[in-house]
Amino acid sequence: MATGQQGKRTKLKLNIGQQSGSGGSGDNKTFQFASPLSIGSRPTSTESTGSSASSLGGATKHNSFMTETGYPTQIEKLYIMRTKSIEATGKLKISPDQVYDFSAEDLQDIGEIGRGNFGTVNKMVHEKSGKVMAVKRIRSTVDEKEQNQLLMDLDVVMRSNECPYIVKFFGALFKEGDCWICMELMNISLDQFYKFVYKKLESRLPEQMLGKISITTVNALDYLKDKLKIIHRDVKPSNILLDRAGNIKLCDFGISGHLVDSIAKTQDAGCRPYMAPERIDPTYSSKGYDVRSDVWSLGITLYELATGRFPYPKWNSVFDQLTQVVQGDAPQLNMADTCFSPDFVTFVNKCLTKNQATRPKYKELLEMPFINKQTDWDVAEYVNSVLNQMPQDFLSEPTLS
Numbered sequence: 001m002a003t004g005q006q007g008k009r010t011k012l013k014l015n016i017g018q019q020s021g022s023g024g025s026g027d028n029k030t031f032q033f034a035s036p037l038s039i040g041s042r043p044t045s046t047e048s049t050g051s052s053a054s055s056l057g058g059a060t061k062h063n064s065f066m067t068e069t070g071y072p073t074q075i076e077k078l079y080i081m082r083t084k085s086i087e088a089t090g091k092l093k094i095s096p097d098q099v100y101d102f103s104a105e106d107l108q109d110i111g112e113i114g115r116g117n118f119g120t121v122n123k124m125v126h127e128k129s130g131k132v133m134a135v136k137r138i139r140s141t142v143d144e145k146e147q148n149q150l151l152m153d154l155d156v157v158m159r160s161n162e163c164p165y166i167v168k169f170f171g172a173l174f175k176e177g178d179c180w181i182c183m184e185l186m187n188i189s190l191d192q193f194y195k196f197v198y199k200k201l202e203s204r205l206p207e208q209m210l211g212k213i214s215i216t217t218v219n220a221l222d223y224l225k226d227k228l229k230i231i232h233r234d235v236k237p238s239n240i241l242l243d244r245a246g247n248i249k250l251c252d253f254g255i256s257g258h259l260v261d262s263i264a265k266t267q268d269a270g271c272r273p274y275m276a277p278e279r280i281d282p283t284y285s286s287k288g289y290d291v292r293s294d295v296w297s298l299g300i301t302l303y304e305l306a307t308g309r310f311p312y313p314k315w316n317s318v319f320d321q322l323t324q325v326v327q328g329d330a331p332q333l334n335m336a337d338t339c340f341s342p343d344f345v346t347f348v349n350k351c352l353t354k355n356q357a358t359r360p361k362y363k364e365l366l367e368m369p370f371i372n373k374q375t376d377w378d379v380a381e382y383v384n385s386v387l388n389q390m391p392q393d394f395l396s397e398p399t400l401s
């Protein structure tokens, strides 16, 4: 989770329901956003003056608010509402057949599983359904940089519920001014998982597992691009999650970017060690970059997972990174290494093509032999075999990074 920045701190309010109503004076612009019951619907702009009524799962409060315009205007987003604290019920949609009105009192707190500048992530159970979830509790006061990241993350997951390769959003509500976001609970991050396999078990990830990780991640990224016009910009092992059921899912969309004519511009978003050369090279700053920068990040991730180590030596400065990534040779797996199939080596090395223009995009990756030759393989059996050997103090249960 990004640390945010020091400075101005404001009340955080998320308009997760639908906006309606008008009155008073002023020149504020309000937006209608689909409730959690209609994931995938897109918000529409309406002009409003003065106060408005914000609904969160049926509980309506009147508030005046001002909008944030940090993202490109062609992509609708959630807005920060600077008003007095409200407490509301929400809609919890576990499945199409399991929809509940719920409040904070309906959730039993099992314990904290994560903490950041935004607040905490707690493991909770919804008592009526028995569903165990990760609940991200966002404090009502967070700095503006972190507000934008939290809102972007929520916006993406709310509109991605039909994708099986992205962590699911179940619902949200306000509690004493804080926002509670209910998400699918996964067991472990890929970063924790592979390090345990290599360091504690002195083993390595099977190529079949690497294949399943590749398929799910590329499909998740392709969904973001095709359906939402979004580029993730932070693909790395800690943002890919596993569970005991064999699911592999992408998470953490706080620094995702909107694509304008398939191009993104912001240069400084993301985890620098996984950034593509075109995102580091200052000569590219005016040209922008596209989804192939995430393909590079996937290549670095797969190289790390396959070998048990990050492909570059430790950098002491940004200059070191610039020298090695932009000016040096791209990391490549060795075709002579008998640990890997030629198809896997080709797949990873294609992802790590240094020239963005010749690096494959998602559709081309999905047509490569390494992907097409993947057979049914029991991810759940393998994940459980590893988790069953993992001591509790090593295991954590992240849902959001």
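131 is the number that the UniProt record's numbering gives to position 131 of the sequence shown; each next residue is one higher, with no gaps.
The beta-carbon is built from N, C-alpha and C at its ideal position, and this holds for glycine as well.
Only a predicted model underlies this, so the values are computations on that prediction, with no experimental measurement involved.
Query                                                                                                                                                          : Result
Which residues does DSSP list as the beta-bridge partners of ASN122?                                                                                           : GLU112, VAL135
Flag this pair as yes or no: are the beta carbons of LYS249 and PHE170 separated by less than 8 angstroms?                                                     : no
Who are the near neighbours of LEU190 in its chain, counting only those whose CB is closer than 6 angstroms to its CB and skipping five residues on each side? : PRO237, ILE240
Taking ALA172 as part of the beta strand (DSSP E), name the residues at either end of that continuous run.                                                     : 169 to 175
Look at the alpha carbon of LYS145 and the alpha carbon of LEU151, and state the distance between them as a whole number of angstroms.                         : 10 angstroms
Just curious, the beta strand (DSSP E) that ASP101 is in, first and last residue?                                                                              : 98 to 102
With a Cβ-Cβ cutoff of 8 angstroms, do VAL157 and VAL135 count as a contact?                                                                                   : no
If you run the structure through DSSP and keep just helix, strand and coil, what is ASP143?                                                                    : strand
Decide if LYS363 is buried, meaning its Cβ has at least 16 other Cβ atoms within 10 Å, or exposed.                                                             : exposed
For the stretch 380 to 393 against the stretch 304 to 313, are there 3 or more C-beta pairs whose distance is under 8 angstroms?                               : no
Taking all protein chains shown into account, decide if ALA357 is buried (16 or more other Cβ within 10 angstroms of its Cβ) or exposed.                       : exposed
Hey, could you find the ends of the beta strand (DSSP E) TRP180 is sitting in?                                                                                 : 178 to 184
Tell me the DSSP bridge mates of residue 402?                                                                                                                  : Since the first residue of the chain shown is 1 and the last is 401, residue 402 is not available in this structure.
With H, G and I counted as helix, E and B as strand and the rest as coil, what does DSSP make of LYS249?                                                       : strand
Check the C-beta distance from TYR274 over to ALA220 and give it rounded, since I have them as a contact under 8 angstroms.                                    : Contact doesn't hold; Cβ gap of about 16 angstroms is too wide.
Judging by CA-CA distance, which residue of ARG137, SER203, CYS339, CYS251 is the nearest neighbour of ILE188?                                                 : CYS251
Report the CB separation of ARG272 from GLN321 in whole angstroms; it is logged as a contact under 8 angstroms.                                                : 6 angstroms
If you run the structure through DSSP and keep just helix, strand and coil, what is SER297?                                                                    : helix
Please state whether DSSP places TYR312 in a helix, a strand or coil.                                                                                          : coil
Based on Cα-Cα distance, which residue from ASP337, LEU366, ASN334, ASP106 lies nearest to GLU127?                                                             : ASP106
Near CYS163, which residues of its chain fall below 7 angstroms by C-beta distance, leaving aside the five closest residues on each side in sequence?          : ALA220, TYR223
Straight-line CA distance for PHE319 to ARG292?                                                                                                                : 23 angstroms
For LEU242, does the count of other Cβ atoms within 10 angstroms reach 16, so buried, or fall short, so exposed?                                               : buried
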